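Notes follow the structure.
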Amino acid sequence: MLWFFLAISTAFFSSLKDVFGKRTLKNIDATIVAWSWSFFTALVLLPVQVLGGIPELGSQFWVALGVGSVLNAIAFLLYIQAISTSDLSLCLPLIAFSPLFMVITSPIIVGEWLSWADGLGIGLIVGGSYLLNLQDRRRGYFAPFQALVKQRGPKLMLLVAFLWSITSNIDKVGVQNSSPLFWSFAVFSAIALLQLPFLFSQSKDPGGQIFKHWLGLSLMGFCTAVAVLFQMQALKLTLVVQVIAIKRTSVLFGVLWGKFLFHESGIRDRFWGATTMLLGVALMSVF
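Per full-length UniProt numbering, residue 1 is the first one in the sequence shown, and the count goes up by one each step.
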């Protein structure tokens, strides 16, 4: 069960990354946060990578790096925009939809087929999404689902979940063709490079803003670096969907952070919605 410990550790540090990202977004441009997320993660990984050296690279490494970094660069920008425009406890649970999308993406990319329990797990995930917006039920039975589509933050997060259902599988290809550490460093470095044009075209005085808020941004990068190392190690030990499913327990941490750190409202409905979604995720990963 080492993979489970690695995956749950990934979830915890991912939730801390969201806390630092949310706090930093109060004072800095979203594009700068998205770039800093990648840059500071790569910077934290750099000294460890220097000590670890460059492994032998497989034939699929460069293709995986190209596709994975482009999709992740887009997903990172959308992710930051999502949590900057919506409550943390409403937006983050929708990331749990990525295992649903992986029903399709995993067999195609890495040839991993999911179990019979996936159907029931998906039903629980969709039911949990209803509970997330339970306060809108007076407007009609399908109002919560309509709210998920109409609200900008949750809508962006659903798109991020789909993109990450692809990149999570690409991560496994990258790890198999290099090493967990080298792949993590390479992909985050590439993402930071790809985001540079957006940084300078859409942000005012990015250098000054980064210098002013370097502590929050670096903590965000540190938490991401730790989380991604745990995740890449776990990918070597089990199915991609199992790792990502357990990683999505970060949404429960996110709901709690939203309540106690950001004083967000409607936590009771959202907590049970997140819990229901995670039951579905757990069912998909255990059976």
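Note that beta-carbon positions come from the ideal geometry of N, C-alpha and C, so glycine has one too.
Because the structure is a prediction, the values reported are computed rather than measured.
Leu-148, buried or exposed, once every other Cβ within 10 Å from all chains shown has been counted against 16: Looking up residue 148 in the sequence shown gives position 148. Buried: at least 16 other Cβ atoms inside 10 Å.
Ala-7 versus Gly-68 - alpha carbon distance: For this step, residue 7 is matched to residue 7 along the sequence shown. For this step, residue 68 is matched to residue 68 along the sequence shown. Each residue's Cα considered, the two are about 20 angstroms apart.
Phe-222 versus Thr-85 - alpha carbon distance: Counting from one through the sequence shown, the residue named residue 222 turns up at place 222. Counting from one through the sequence shown, the residue named residue 85 turns up at place 85. Rounded to the nearest angstrom, the two C-alpha atoms are 24 angstroms apart.
Helix, strand or coil at Thr-238 according to DSSP, with G and I counted as helix: Taking the sequence shown and counting its residues from 1, one reaches residue 238 at position 238. The answer is coil: DSSP assigns Thr-238 none of H, G, I, E or B.
Any alpha helix (DSSP H) of 4 or more consecutive residues that is wholly inside the stretch 12-75: 30-52
Boundaries of the alpha helix (DSSP H) in which Thr-167 is found, first to last residue: Within the sequence shown, residue 167 is the residue found at index 167, counting from 1. Unbroken alpha helix (DSSP H) run through Thr-167: 152-176.
Cβ-based burial, Met-1 [other Cβ within 10 Å; buried from 16]: One-based indexing of the sequence shown puts residue 1 at position 1. Exposed is the call here.
Rounded C-alpha distance that separates Trp-37 from Ser-218: Start at 1 with the first residue of the sequence shown, and residue 37 comes out as number 37. Start at 1 with the first residue of the sequence shown, and residue 218 comes out as number 218. The alpha-carbon atoms of Trp-37 and Ser-218 are separated by roughly 8 angstroms.
Cα-Cα separation, Glu-56 to Trp-116: On the sequence shown, position 56 is the one that residue 56 refers to. On the sequence shown, position 116 is the one that residue 116 refers to. Each residue's alpha carbon lies about 37 angstroms from the other.
Counted within 10 angstroms of its Cβ, other Cβ atoms place His-213 as buried (16 or more) or exposed: Position 213 of the sequence shown, counted from the start, is the residue given in the question as residue 213. It is buried - the Cβ of His-213 has at least 16 other Cβ atoms within 10 Å.
Helix, strand or coil at Trp-113 according to DSSP, with G and I counted as helix: Taking the sequence shown and counting its residues from 1, the one referred to as residue 113 is at position 113. Trp-113 falls in the coil class under three-state DSSP.
Under the three-state DSSP convention, the category Phe-204 falls into: For the purposes of this step, residue 204 is identified with residue 204 of the sequence shown, where counting begins at 1. A quick correction: the sequence has Lys, not Phe, at residue 204. Three-state result, Lys-204: coil.
Expected contact under 8 angstroms - CB spacing of Thr-10 and Ala-282 to nearest Å: Within the sequence shown, the letter at position 10 stands for residue 10. Within the sequence shown, the letter at position 282 stands for residue 282. At roughly 15 angstroms, the Cβ-Cβ gap does not stay under 8 angstroms, so Thr-10 and Ala-282 are not in contact.
Spatial neighbours of Thr-167 in its chain, beta-carbon cut-off 6 angstroms, leaving aside the 5 residues before and after: By 1-based counting over the sequence shown, the position of residue 167 is 167. If we look at Thr-167 and ignore the five residues flanking it on each side, its Cβ neighbours are Gly-68, Leu-71, Asn-72.
Simplified DSSP assignment, three categories, for Leu-268: The residue labelled residue 268 in the question sits at position 268 within the sequence shown. Reading off the sequence shown, one finds Arg at residue 268, where the question assumed Leu. Of the three classes helix, strand and coil, the one that applies to Arg-268 here is helix, per DSSP.
Nearest-angstrom Cβ-Cβ length linking Lys-204 and Ser-14, presumed shorter than 8 angstroms: Here the question's residue 204 lines up with position 204 in the sequence shown. Here the question's residue 14 lines up with position 14 in the sequence shown. Between Ser-14 and Lys-204 the Cβ distance is about 30 angstroms, and since that is not below 8 angstroms, they are no contact.
C-alpha distance - Met-220 paired with Val-187, whole-angstrom precision: Within the sequence shown, numbered from 1, the residue matching residue 220 stands at position 220. Within the sequence shown, numbered from 1, the residue matching residue 187 stands at position 187. Roughly 17 angstroms separates the two Cα atoms.
Span of the alpha helix (DSSP H) around Ser-86: The count along the sequence shown starts at 1 and reaches residue 86 at position 86. Taken as a continuous stretch (DSSP letters only), Ser-86 belongs to no alpha helix (DSSP H), as it is neither H nor E.
Sequence-distant residues of the same chain with beta carbon closer than 7 angstroms to Trp-164, five excluded per side: As a first step, residue 164 must be located in the sequence shown, where it is residue number 164. These residues qualify, in order along the chain: Ala-75, Ser-98.
Residue environment, Val-255, which counts as buried when at least 16 other CB atoms sit within 10 Å: Translated into positions along the sequence shown, residue 255 becomes position 255. By the neighbour-count rule (16 or more Cβ atoms within 10 Å), Val-255 is buried.
Status (buried if at least 16 other CB within 10 Å, exposed otherwise) for Ser-265: Mapped onto the sequence shown, residue 265 falls at position 265. Its Cβ having fewer than 16 others within 10 Å, Ser-265 is exposed.
Under the three-state DSSP convention, the category Thr-275 falls into: Numbered from its first residue, the sequence shown carries residue 275 at position 275. Thr-275: helix per DSSP, three-state reduction.
Minimum C-alpha distance to Thr-24 - residue among Phe-262, Leu-278, Ser-59: Within the sequence shown, numbered from 1, the residue matching residue 24 stands at position 24. For the residues Phe-262, Leu-278, Ser-59, the minimum Cα distance to Thr-24 belongs to Phe-262.
Selected residue, minimal CA-CA separation from Met-277, among Lys-172, Gly-66, Ile-80, Leu-124: Counting from 1 along the sequence shown, the entry for residue 277 is found at position 277. The shortest C-alpha separation from Met-277 is found at Leu-124.
Other residues of its chain near Leu-100: CB distance less than 7 angstroms, five sequence neighbours each side excluded: Your numbering for residue 100 matches position 100 in the sequence shown. Ile-122, Ile-125, listed in sequence order.
C-alpha gap between Val-63 and Ile-267, whole angstroms: As a first step, residue 63 must be located in the sequence shown, where it is residue number 63. As a first step, residue 267 must be located in the sequence shown, where it is residue number 267. So the two alpha carbons sit approximately 42 angstroms from each other.
Cβ separation of Asn-169 and Ser-106, assumed to be a contact under 8 angstroms, to the nearest whole Å: The count along the sequence shown starts at 1 and reaches residue 169 at position 169. The count along the sequence shown starts at 1 and reaches residue 106 at position 106. About 6 angstroms; that satisfies the 8 angstroms criterion.
Boundaries of the alpha helix (DSSP H) in which Phe-253 is found, first to last residue: Position 253 of the sequence shown holds residue 253. Segment 250-260, the alpha helix (DSSP H) holding Phe-253.
Arg-270, buried or exposed, once every other Cβ within 10 Å from all chains shown has been counted against 16: Position 270 of the sequence shown, counted from the first residue, corresponds to residue 270. Burial call: buried.
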